[in-house]
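Beneath this line is the structure, given in structure tokens, with notes to follow.
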Amino acid sequence: GAVVSQHPSRVICKSGTSVKIECRSLDFQATTMFWYRQFPKQSLMLMATSNEGSKATYEQGVEKDKFLINHASLTLSTLTVTSAHPEDSSFYICSAQGQAGEYTYNEQFFGPGTRLTVL
Amino acid sequence: KNQVEQSPQSLIILEGKNCTLQCNYTVSPFSNLRWYKQDTGRGPVSLTIMTFSENTKSNGRYTATLDADTKQSSLHITASQLSDSASYICVVRTTSGTYKYIFGTGTRLKVLA
């Protein structure tokens, strides 16, 4: 299967600072990437969907100015949490869907997640 | 409204026992259904994928079933191991408009020695 990596795996920051999380597809071209957040003991909640070269589509209730998403290449998407506050502390997971050569993946592959703690 | 509901919310079993997790969905139009295993602090990993015409699919000790008529799926775990302790998430893909994934709330399984 295809591999998706995230960096960093954990980050602790002070309130008011911005944090950038990277999501990379390692062995395939990710035409679409998804960003999720997950609170303890809850399932994943989709934040936004991004297609390479286009603006991200945000889910209802997700502030686009708060969570900046960039998907400038077929292997990299970034999520920047701007002016982070303690309530932004969560587990952020990305997933990617796309193709490797002529093969199109009919599923999304998840990254390992990033634990964000805002003090 | 597209929804995916899972039961039970949590489950505790002894090592070596079998268990079955349930997933009911009201997603339409239906494309496929996938079961994921998510270890604590990790991203989900796919266990099985089932399309409309498939009734059963196995992956080692994991066996998924799908009844498209009743819109129900189950994940059966045989001879559980301690490493099976995780959250199991049912995800249904729909092709309404652009594709979209509907996530279930998950079942937290704990296997005790």
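Residue numbers (our numbering), protein chains in the order written: chain A, 309 to 427; chain B, 177 to 289.
Even glycine gets a Cβ: it sits at the ideal position worked out from N, Cα and C.
Bounding residues of the beta strand (DSSP E) (the contiguous stretch that carries residue i)
i	result
lysine 233 of chain B	232-235
alanine 244 of chain B	Premise fails: alanine 244 of chain B is in no beta strand (DSSP E) and is neither H nor E.
leucine 223 of chain B	221-227
asparagine 200 of chain B	195-201
glutamate 181 of chain B	180-183
glutamate 330 of chain A	327-333
serine 207 of chain B	206-214
Reduced DSSP secondary structure (H/G/I, E/B, other) of residue i
i	result
glutamate 395 of chain A	helix
leucine 258 of chain B	helix
leucine 427 of chain A	coil
lysine 349 of chain A	coil
alanine 380 of chain A	strand
tyrosine 413 of chain A	coil
arginine 218 of chain B	coil
Proximal chain A residues relative to residue i, where beta-carbon distance stays under 8 Å
i	result
isoleucine 265 of chain B	Ser351, Leu352
glycine 217 of chain B	Phe399, Gly421, Arg423
6 Å CB neighbourhood of residue i in its chain, flanking five on each side removed
i	result
leucine 288 of chain B	Leu190
threonine 232 of chain B	Thr241
threonine 224 of chain B	Trp211, Lys233, Asn235, Ala240
Contact belief for residue i with residue j at Cβ below 8 Å, rounded distance in angstroms
i	j	result
alanine 422 of chain A	proline 348 of chain A	One point to set straight first is that residue 422 of chain A is threonine, not alanine, in the sequence displayed. The pair is not a contact, with the Cβ atoms about 15 Å apart (cut-off 8 Å).
Contacting residues, own chain, Cβ-Cβ under 8 Å from residue i (five flanking each side not counted)
i	result
serine 381 of chain A	Glu360
7 Å CB neighbourhood of residue i in its chain, flanking five on each side removed
i	result
arginine 218 of chain B	none
histidine 393 of chain A	Ser323, Val426
Chain-ordered chain B contacts of residue i [CB-CB under 9 Å]
i	result
glutamate 415 of chain A	Asn208, Arg210, Ser222, Ile225, Arg269
phenylalanine 418 of chain A	Tyr212, Gln214, Arg218, Gly219, Pro220, Val221, Ser222
Within chain A, the residues that residue i reaches when beta carbons sit closer than 9 Å
i	result
phenylalanine 279 of chain B	Tyr344, Ser351, Leu352, Met353, Leu354
arginine 284 of chain B	Lys349
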